[in-house]
Amino acid sequence: MNKEVIKGSQNYIPVEIEDYPTTGWQKFKQVVRRSLGKELFVGLWVVLREMLKFNIHTVQYPEEVLPLPSRYRAVHKLLRLLESGNERCIGCGLCEKICIADCIRMETKEENGRKVVSEYSINLGRCIFCGYCAEVCPELAIVHGSRYENASEQRAHFVLKDDMLTPIDFLKEQKEFDGFGAVSPNADKLIKKTPLAY
Amino acid sequence: MAEVRVTIDGKECIAQEGETLLNIARANGIYIPAICYLNRCSPTLACRLCLVEADGKQVYACNAKAKDGMNVVTTTENIAKERRAIMEVYDVNHPLECGICDQSGECELQNYTLLENVTEQHYAIRDTYKPVKNWGHIQYDPALCIVCEKCVTVCKDMIGDTALKTVPRGGDPLDKSYKEVMPKDAYAMWNKLNKSLIGTTTGETLDCTSCGECTAVCPVGALVGTDFKWSSNAWELQKIPSTCAHCSVGCQIYYEVKHISIENNDKKIYRVTNEPHFATLCGAGRYGYDFENRGAKKEPKSLEKAVQALKSAKTIVFNSQITNEEALILQKLKEKLGLKLVNPEAYQYKEFLSVYSKISGKSLYSGDLNTVRKSNFVISVGSALKTDSPNSRYAFNNAIKMNKGAGIYFHPVKDPIIDGLSKNVIQINHQPYEEIEALKWILIQFGKDIPETISAKLDISQFQEKYLGEDFQTKLEKLLKKKDKFSLIVGADLYGAKNWQDIAEVVGLIDLYTDFSVVIIPSDTNTLGVIQICELDRSGEAPRVGYNEKGDFTFSALGDGDFDIPALNQQEGTFVNIDKRVVPLNVALPYGGYTLNDVANEILDNPKQWTIDYTSELFKKVDFDSLPNEFLNSGEENRGYILDIDEVEREEPTFHLANNEPPKLGSSVIYLANPVLQFNRFTNKAHQLSESGGLYISPEYSEKFGIKEGQLVRIATKYGSLKTKAIVDNKIVGEICYLPTFDKHLNARKLFDSYRFIQAKISKV
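Quick mapping for you: the protein sequence lines, in order, are chains A and B.
Following the numbering used here, the numbering of the first sequence begins with 9 at its first residue and continues without gaps.
Following the numbering used here, the numbering of the second sequence begins with 1206 at its first residue and continues without gaps.
This is the structure we're talking about:
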């Protein structure tokens, strides 16, 4: 290992790594040292010590779940408007169009003078969780959720409209999505205002 | 017409005199923006985007006629400013609902907004409340409307219904201070736009022939089909170019196809579209698309039965809703099995055309709908144009509107739509069987150098006295001023008349001795193809095989026969249309069963893999796959190929019925015709056009005889009688009622002989 000085602003800590053995004699020496020296017992001792101290770092899944970053892309969710509880999805079909795995399909129709989405499905067997659908969605309606446990008898159990849509009684628990496609914090500053006559 | 040379943006273009700059530019691939201009219609001058500089002067390219040596620049600094301002104005208060708009990106407003790079808005006005209007097949959302008036223009200049007009918008006037700061044309355009919206000419509801062409021309999503609304985005639909299967005009259409639902991957037609700049559709073509034969399967047993039925049959009964290839297969079956081919409608037409050919010396009639469009004096005889051949009516109307033309419409049933076309159309409602008198009148009035042997036999004094009085003569004189291109449209009433031979002879003589180009409307979709491919017989004995007709063994594309065959939106093939053009038709929806070709392969010596392997055996040796189906930028129709008109040895007319009095029908007469939007059982199968037929009566008739809508009536002629309900049709006037053929539950044909008029007794039940 050549010991160059690592340039840059970060605080890298150079690690001392000995050179690889090249000749047969060197290799033999390394084996003897590692197997008869204390190296093996160092590891065993650390484990024993921490076990006795009850200082355990293993996450106790499934009782314990790690928090996920907001940009994590797990099974999709369909959100509702927080104020009215109406569905956010307007049925524009952009997610269907942009989906590179071609796994989104929707059915739309007219109802009381509005376009409504009567059916919506994502074929998880084909979804590659790329996140394009959430990014393209102009209404932040289809987003990636945090549920990554996909075990069920059928794939279809995750991805019909009713499974994805926030149940109306859980509206208060719906969290705003701030992954890809979410409104940027400085969005207000980027907008040019249109003159209004009233 | 003289040729002129125009330089547009440095490119020299050759064009006909009188051509507009916009059309010349488009034909030569030079881009000039325009939203409101519609090919083949008069310029609206609503959008003002087509502003160009011709010889240093600003003109509108859609309106300015080319002059020899003109030098045109399509963009200057000032013009660019105008265009940008115009697009900003169009975006004022336009709802930001592109996400759910049915135009789904195929939007001219969106395109031009992006093209003009409208990133900010300088103008504003208070918006008004404009609720969506439901007009039956069509919905109008005024909030989305940019008032380009294309719909108004096409309805007037092309369709002839004039059912739409601009109505006052209401709301605030423009802020006067804009006048100083805005470019001149943009302000003028906004001023006009701010005063109008689109409305109907007949109160709150839309009263028209429901062609839906206004939805086709709408550059934004303001006018959409009610059935299609919000059912699919445009980009999801696969466009399949084909030919409409309902009447002999054979319009080019696109079937737009997508899967039925999330779980059902089978294909479904969502809508039919057309290219409104080049071709116009009627309502039957636009809304009558889902007549497919779904669910047919290949069952070897049924194939065997069909083969047996054909082998033991003596006659095949069929109609002309059939492709050329199928007709050729039937002809081959006839040759192989010694069958008779019976198609009464095509037989009549063939006989009629052959007599015409003998007199005129031409194997096919001389005109087509394009010659009608270009003419300035059009006469129609023997056809209920509005319903028999809507596109012939459009051509008739287009000629009158665009060429300052005039026309005469001879028909026993008075049609208010024809009256509404123009003041320059005279409608003459003669009695049935007087069609020949009308034709003789044309021959006398317009004929040149007619031999005396013929002119001696043309006595029409009675007819003249009855219908062509002095008023008519003075009006005619006015109408005939400056007219030099004449067209005659003759229709299906004539082919089955008892004196059809004489009629055909007179039509032939008109072609020979006058300047009229003649169109003899084929009576069904592919009549013109069938008569050239099949050797038809007058009648045949049982056992009969019916091909889309009732027989002892029935092949049916409606799915109600003994053997399933594909409907015309499920197969490849060709038609010969009214323009004598062989046009291709493509598969919009898959078909799972056997075709006629599969059956024929079991019988004929040279099996073919596909039905379209027969295409090259038709009129010209051209493969199906090399048939084009498109329109060029110049408006040229590049579809299939046109049949040549051969010279035929001429014969002298015989007029063998001339001295016989034509049969006279009494006062109570019924007519065999279909209502608007219907042609046959297939149009009626379509979910948007599904209705049950009855006796169609005019509002006057209803009042006079006290027969109300929906009331049961009995109709009796010398051939039989039937009971049905009365339906009031406000698109006819007078005492002649009509019975339709589109309803398979109403066998109206059995009341008639070959002629479409018959005396009948109508009584309330």
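Note that the Cβ used here is the ideal one computed from N, Cα and C, for glycine as well.
Closer than 8 Å, CB to CB, is Lys1335 (chain B) near chain A or not? Taking the first residue of the second sequence as 1, we reach residue 1335 (chain B) at position 130. Taking 8 Å as the CB threshold, Lys1335 (chain B) stays off the interface with chain A.
Note down the Cα distance separating Lys11 (chain A) from Pro29 (chain A), rounded to an integer number of angstroms. Position 3 of the first sequence, counting from 1, holds the residue named residue 11 (chain A). Position 21 of the first sequence, counting from 1, holds the residue named residue 29 (chain A). Note that Lys11 (chain A) scores a pLDDT of 48, beneath 50, so its modelled location is shaky and nothing firm can be said.
Sorted by chain position, which residues of the same chain lie with C-beta nearer than 8 Å to Ala1239 (chain B)'s C-beta, five sequence neighbours on each side aside? Locating residue 1239 (chain B) in the second sequence gives position 34, counting from the first residue. Excluding five sequence positions before and after Ala1239 (chain B), the CB atoms of its chain that fall closer than 8 Å to its own CB belong to Leu1227, Cys1252, Leu1254, Cys1255, Ala1266 and Cys1267, given in chain order.
Based on the DSSP secondary-structure assignment, which residues constitute the bridge partners of Gly255 (chain A)? Residue coverage of chain A in this structure runs from 9 to 206, which leaves residue 255 (chain A) outside it and unanswerable.
Mapping the DSSP letters down to three states, classify Thr1225 (chain B) as helix, strand or coil. The residue labelled residue 1225 (chain B) in the question sits at position 20 within the second sequence. Thr1225 (chain B): strand per DSSP, three-state reduction.
Find the residues of chain C that neighbour Glu1441 (chain B), judging by a C-beta separation of less than 9 Å, and give them in chain order. Annotation note: the requested chain C is absent from the structure, which comprises protein chains A and B.
State the Cα-Cα distance for the pair Ile136 (chain A) and Arg163 (chain A), rounded to the nearest angstrom. As a position in the first sequence, residue 136 (chain A) is number 128, starting the count at 1. As a position in the first sequence, residue 163 (chain A) is number 155, starting the count at 1. Rounded to whole angstroms, Ile136 (chain A) to Arg163 (chain A) spans 14 Å at the Cα level.
For Leu86 (chain A), decide whether its Cβ has a neighbour in chain B, counting only Cβ atoms nearer than 8 Å. Your numbering for residue 86 (chain A) matches position 78 in the first sequence. Closer than 8 Å: no.
Examine chain A for any beta-carbon lying closer than 8 Å to the beta-carbon of Ser1597 (chain B), and answer yes or no. The sequence position of residue 1597 (chain B) within the second sequence is 392, counting from 1. Taking Cβ atoms only, chain A never reaches closer than 8 Å to Ser1597 (chain B), which makes this a no.
Which residues of chain B have a Cβ atom closer than 8 Å to the Cβ of Glu161 (chain A), listed in chain order? If you number the first sequence from 1, residue 161 (chain A) lands on position 153. The contacting residues do not exist; Glu161 (chain A) stays about 18 Å from chain B at best.
Looking at the C-beta of Ala1348 (chain B), does it have a partner C-beta in chain A at a distance below 8 Å? As a first step, residue 1348 (chain B) is located in the second sequence; it is residue number 143 there, counting from the start. Using a CB distance cut-off of 8 Å, Ala1348 (chain B) does not count as an interface residue toward chain A.
Any idea what DSSP makes of Lys1826 (chain B), helix, strand or coil? Indexing the second sequence from 1 puts residue 1826 (chain B) at position 621. Secondary structure at Lys1826 (chain B): coil, using DSSP grouped into helix, strand and coil.
Residue nearest to Glu1642 (chain B) in terms of C-alpha spacing, selected from B:Gly1223, B:Ile1715 and B:Asp1620: As a working mapping, residue 1642 (chain B) is identified with position 437 in the second sequence. Closest in C-alpha terms to Glu1642 (chain B), from the list B:Gly1223, B:Ile1715 and B:Asp1620, comes B:Ile1715.
Give the straight-line distance between the Cα atoms of Trp1440 (chain B) and Asn1316 (chain B), rounded to the nearest whole angstrom. As a position in the second sequence, residue 1440 (chain B) is number 235, starting the count at 1. As a position in the second sequence, residue 1316 (chain B) is number 111, starting the count at 1. Cα to Cα, Trp1440 (chain B) sits roughly 15 Å from Asn1316 (chain B).
DSSP three-state label for His1482 (chain B), please. Position 277 of the second sequence holds residue 1482 (chain B). Looking at His1482 (chain B) - three-state DSSP - the assignment turns out to be coil, as it is neither helix nor strand.
Leaving out the 5 sequence neighbours to the left and right, which residues in its chain are closer than 7 Å to Cys103 (chain A) when beta-carbon positions are compared? Here the question's residue 103 (chain A) lines up with position 95 in the first sequence. Counting only residues of its own chain and dropping the five nearest sequence neighbours on each side, Cys103 (chain A) has a CB closer than 7 Å to the CB of Ile112, Cys141, Val144, Cys145 and Ile150.
Please list, in chain order, the chain B residues whose beta carbon lies closer than 7 Å to that of Arg113 (chain A). Here residue 113 (chain A) is taken as the residue at index 105 of the first sequence, counted from 1. Residues of chain B passing the Cβ test: Ile1467.
So if I threshold CB-CB distances at 7 Å, which residues from the stretch 1278 to 1305 of chain B count as touching chain A? Of all residues in the stretch 1278 to 1305 of chain B, Gly1304 and Ile1305 have a Cβ within less than 7 Å of some Cβ in chain A.
Following the continuous alpha helix (DSSP H) through Phe36 (chain A), name the residue where it begins and the one where it ends. Locating residue 36 (chain A) in the first sequence gives position 28, counting from the first residue. For Phe36 (chain A), the enclosing alpha helix (DSSP H) begins and ends at Gly32 to Leu44.
Relative to the ligand MN, is the shortest distance from any of its heavy atoms to the C-beta of Asp1765 (chain B) smaller than 7 Å? The ligand MN is absent from the structure shown, which contains no ligand whatsoever.
Could you please give me the residues that DSSP links to Pro1789 (chain B) through a beta bridge? Numbered from 1 along the second sequence, position 584 holds the residue referred to as residue 1789 (chain B). Partner(s): B:Thr1779.
Residues in the stretch 108 to 137 of chain A having any Cβ partner in chain B nearer than 7 Å: Of all residues in the stretch 108 to 137 of chain A, Arg113, Glu115, Thr116, Lys117, Glu118, Gly121, Lys123, Glu127 and Ser129 have a Cβ within less than 7 Å of some Cβ in chain B.
Let me check understanding here. Comparing Cα to Cα, which of B:Lys1389, B:Cys1246 and B:Gly1376 lies closest to Ala1285 (chain B)? In the second sequence, the residue the question calls residue 1285 (chain B) occupies position 80. Measuring from the Cα of Ala1285 (chain B), the nearest candidate turns out to be B:Lys1389.
Answer yes or no: does any C-beta atom of chain A fall closer than 8 Å to that of Arg1331 (chain B)? As a first step, residue 1331 (chain B) is located in the second sequence; it is residue number 126 there, counting from the start. Interface residue, yes.
DSSP state of Gly1316 (chain B) mapped onto helix, strand, coil: Residue mapping note: residue 1316 (chain B) aligns to position 111 of the second sequence, counting from 1. It should be noted that the sequence gives Asn, not Gly, for residue 1316 (chain B). For Asn1316 (chain B), the three-state secondary structure derived from DSSP is helix.
Report the start-end ranges of each alpha helix (DSSP H) in the stretch 1885 to 1959 of chain B that is 4 residues or longer and not cut off at the edges. Correct list: 1886 to 1890 and 1904 to 1910.
If we define contact as Cβ-Cβ less than 8 Å, is Gln1326 (chain B) a contact residue for chain A? For the purposes of this step, residue 1326 (chain B) is identified with residue 121 of the second sequence, where counting begins at 1. Yes - at least one Cβ of chain A is within 8 Å of the one on Gln1326 (chain B).
Going along the stretch 1389 to 1402 of chain B in order, which residues come within less than 7 Å of chain A, judged by CB to CB distance? With the criterion set as a beta carbon lying under 7 Å from some beta carbon of chain A, the stretch 1389 to 1402 of chain B has no members that meet it.
Since Ile64 (chain A) meets chain B, which of its residues come closer than 7 Å, beta carbon to beta carbon? For the purposes of this step, residue 64 (chain A) is identified with residue 56 of the first sequence, where counting begins at 1. Simply none; closest approach about 47 Å.
CA-CA distance, Lys1949 (chain B) and Glu1754 (chain B)? As a working note, residue 1949 (chain B) is residue 744 in the second sequence. As a working note, residue 1754 (chain B) is residue 549 in the second sequence. Roughly 11 Å separates the two Cα atoms.
Proximal residues of chain B, C-beta to C-beta of Tyr206 (chain A) below 8 Å: In the first sequence, residue 206 (chain A) corresponds to position 198, counting from 1. Per Cβ cutoff of 8 Å: Arg1331.
I want to verify the contact list: residues of chain B whose CB lies under 7 Å from the CB of Lys197 (chain A), in sequence order. As a working note, residue 197 (chain A) is residue 189 in the first sequence. What Lys197 (chain A) touches in chain B: nothing, since even the nearest Cβ is about 15 Å away.
List, in chain order, every chain B residue whose beta-carbon is nearer than 8 Å to that of Pro146 (chain A). Position 138 of the first sequence, counted from the first residue, corresponds to residue 146 (chain A). Result: Gly1304.
Out of B:Ala1450, B:His1451 and B:Val1477, state which residue places its alpha-carbon closest to the alpha-carbon of Lys1463 (chain B). In the second sequence, the residue the question calls residue 1463 (chain B) occupies position 258. If we check each option's Cα against that of Lys1463 (chain B), B:Val1477 comes out closest.
So Leu1877 (chain B) and Ala1953 (chain B) are supposed to be a Cβ contact under 8 Å. How far apart are they, rounded? Along the second sequence, one-based indexing puts residue 1877 (chain B) at 672. Along the second sequence, one-based indexing puts residue 1953 (chain B) at 748. Their Cβ separation, rounded to whole angstroms, is 6 Å, which keeps Leu1877 (chain B) and Ala1953 (chain B) in contact under 8 Å.
Comparing the C-beta of Thr174 (chain A) with each C-beta of chain B, is any distance below 8 Å? Residue mapping note: residue 174 (chain A) aligns to position 166 of the first sequence, counting from 1. Not closer than 8 Å to any Cβ of chain B, the Cβ of Thr174 (chain A) fails to qualify, so no.
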